[in-house]
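Beneath this line is the structure, given in structure tokens, with notes to follow.
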Amino acid sequence: MKNMKIKVISLLLVLVIGLTGCATSDNTLTIKPDGSANSKAVMTVEKDAVVTALMAKGYTKEEAESYVNMQAISVGAKKIEIDGKDAYQYTTTENYAKGENWYALSDYDDGYITGDTYYDIQDMTIDPDDTEMYKNYGVTDAALKNVKVTYSVVFANKIVNTNGKIDSQNPNKATFTLTIGKKNTVFATTKQGQTIAKVQKIIKAARTIKTPKIKKLKANKVKGNKATVTVKINKVKGAKRYVVEYDTNSKFRNSKTISTKKATVTLKKLKKNKKYYVRVYAIKKDDRGDY
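Using our numbering, read the sequence shown as starting at 3 and increasing by one per residue.
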């Protein structure tokens with residue numbers, strides 16, 4: 003799944019973090035009134051800082067410059083000049099059409115995005131496997147946490163509530179400083195009265211549904227070695243369909259399922275004189291269009 007989760011992935015950036023700390027990651031998500039969006043992520047590292055650090059590790063200047071150039075090329079970084087100093091910059095962009103904007107979220111399960119509100123949990127925790135890889139290049143947890151990562155959200159209208167910092171030059175833009183190693187909450191809205199608590203309630207209401215109860219189980223007449231059971235379900239408001247799961251194992255390890263829009267379903271080809279366990283789920287279409 004595509005998303006805006008920021009990950010430290012290039013070896014070049016790893017070396018910069020571990021040896022110099024001179025790295026920045028600037029990320030911007032622009033949300034249009036209809037909910038469609040586009041994202042842009044820019045990573046910048048200073049060439050001289052990396053070369054100097056590598057030379058301190060025993061590289062010659064020529065070897066260090068060659069290595070840095072090779073790594074920059076491998077990740078598609080461009081060479082630029084900032085304040086008279088050489089640097090490498092890597093830029094990625096992504097467009098999200100209306101109805102697909104959920105893929106712009108880091109936390110797809112609990113995040114929320116519309117044309118006027120953005121709520122997300124930017125997960126900057128580091129996978130243990132990645133930590134081990136970083137350590138091989140001298141990268142410590144402390145060094146990772148020193149990397150500057152910013153995340154900005156831009157709307158078409160003025161932001162009225164956010165837990166970030168509203169841009170002094172652009173009231174439609176809120177910027178957040180993310181901490182590596184933690185989960186960072188990002189919230190901004192142009193809607194009056196909207197809060198994080200209200201958004202969380204909207205999410206819960208849209209993505210949860212009451213568990214249906216089995217109204218009646220009826221064992222039908224056995225024919226040969228096969229049996230059938232009729233399951234009647236108490237209807238649940240908002241349900242688009244029901245899933246009936248059944249198994250001879252109480253933990254449903256080898257269960258079978260039947261999906262139906264009706265409140266009555268018949269389980270067929272059941273084994274004679276066997277005890278079956280049955281449970282039912284209700285399925286509805288949530289605010290993201292998922293079931």
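Cβ atoms here follow ideal geometry from the backbone N, Cα and C, with glycine treated the same way.
Quick caveat, the model's predicted, so the values are computed rather than measured.
Reference residue i; option with closest CA among the options
{"i": "T250", "options": "K277, D85 and N163", "result": "K277"}
{"i": "K42", "options": "E65, K63, A66 and N97", "result": "N97"}
{"i": "L219", "options": "G78, V282 and Y61", "result": "V282"}
{"i": "L107", "options": "G37, A221 and N256", "result": "G37"}
{"i": "M72", "options": "V53, V233 and G60", "result": "V53"}
{"i": "I182", "options": "K239, D169 and Q124", "result": "Q124"}
{"i": "T127", "options": "K184, K175 and T94", "result": "K184"}
{"i": "K80", "options": "A51, T46 and D50", "result": "T46"}
{"i": "A228", "options": "D131, K270 and A208", "result": "It is worth fixing the name first, because residue 228 is Lys in this sequence and not Ala. For the residues D131, K270 and A208, the minimum Cα distance to K228 belongs to K270."}
{"i": "K286", "options": "A207, I216, K258 and K253", "result": "A207"}
{"i": "V267", "options": "A74, V238, A284 and V231", "result": "V231"}
{"i": "F254", "options": "V280, K273, K274 and G240", "result": "V280"}
{"i": "K212", "options": "Y248, K274 and A284", "result": "A284"}
{"i": "N275", "options": "N172, G226, S154 and D288", "result": "G226"}
{"i": "D288", "options": "I82, G240 and K150", "result": "G240"}
{"i": "T95", "options": "D129, V44 and D131", "result": "V44"}
CB contact check: residue i to chain D, cutoff 8 Å
{"i": "D288", "result": "The structure shown has no chain D; it contains just one protein chain."}
Residue i vs residue j beta-carbon contact at 8 Å
{"i": "A58", "j": "N103", "result": "no"}
{"i": "T210", "j": "T179", "result": "no"}
{"i": "Y120", "j": "V188", "result": "yes"}
{"i": "K34", "j": "G117", "result": "yes"}
{"i": "V77", "j": "Y92", "result": "yes"}
{"i": "T191", "j": "I235", "result": "no"}
{"i": "I216", "j": "V233", "result": "yes"}
Bridge-paired residues (DSSP) for residue i
{"i": "N97", "result": "N40"}
{"i": "Q91", "result": "T46 and K80"}
{"i": "N29", "result": "A43 and Y153"}
{"i": "L56", "result": "In the DSSP output, where bridge partners are listed per residue, L56 has none listed."}
{"i": "A241", "result": "According to DSSP, A241 bridges with nothing at all."}
{"i": "I168", "result": "A176"}
{"i": "V224", "result": "Answer is none; V224 lacks a bridge partner."}
{"i": "S68", "result": "In DSSP, S68 forms no bridge with anything."}
{"i": "T119", "result": "T191"}
Exposed unless 16 or more other CB atoms sit within 10 angstroms - verdict on residue i
{"i": "N159", "result": "exposed"}
{"i": "A214", "result": "A small fix is needed here, since residue 214 is Pro in this sequence, not Ala. Result: buried."}
{"i": "V70", "result": "buried"}
{"i": "A55", "result": "buried"}
{"i": "E48", "result": "buried"}
{"i": "V156", "result": "buried"}
{"i": "N186", "result": "buried"}
{"i": "D122", "result": "buried"}
{"i": "A221", "result": "exposed"}
{"i": "V224", "result": "exposed"}
{"i": "K175", "result": "buried"}
{"i": "Q194", "result": "exposed"}
{"i": "T177", "result": "buried"}
{"i": "A99", "result": "exposed"}
{"i": "S170", "result": "exposed"}
{"i": "R290", "result": "buried"}
{"i": "S252", "result": "exposed"}
{"i": "V16", "result": "Because V16 carries a pLDDT of 48, less than 50, the predicted location of this residue cannot be relied on, and no value is offered for it."}
Near the ligand GDP: residue i beta-carbon under 7 Å from a heavy atom
{"i": "M126", "result": "The ligand GDP is not among the ligands present in this structure, which contains no ligands whatsoever."}
Next item on the list: Give a yes or no on contact between the stretch 263–275 and the stretch 226–244, applying the rule of three or more CB pairs nearer than 8 Å.
Entry: Because the criterion of three Cβ pairs below 8 Å is met, the stretch 263–275 and the stretch 226–244 touch.
Notebook entry, point to check: Would you call the stretch 197–212 and the stretch 110–122 touching, i.e. three or more CB-CB distances under 8 Å?
Noted result: The stretch 197–212 is in contact with the stretch 110–122.
Note to self: Measuring CB atoms only, is the stretch 65–81 touching the stretch 24–33, in the sense that at least three cross pairs come out at less than 8 Å?
What the structure shows: With contact defined as three or more Cβ pairs closer than 8 Å, the stretch 65–81 and the stretch 24–33 are not in contact.
Note to self: Under 8 Å, with one C-beta from each stretch per pair, do the stretch 77–89 and the stretch 162–174 reach the 3-pair mark?
What the structure shows: By the criterion of at least three beta-carbon pairs nearer than 8 Å, the stretch 77–89 is not in contact with the stretch 162–174.
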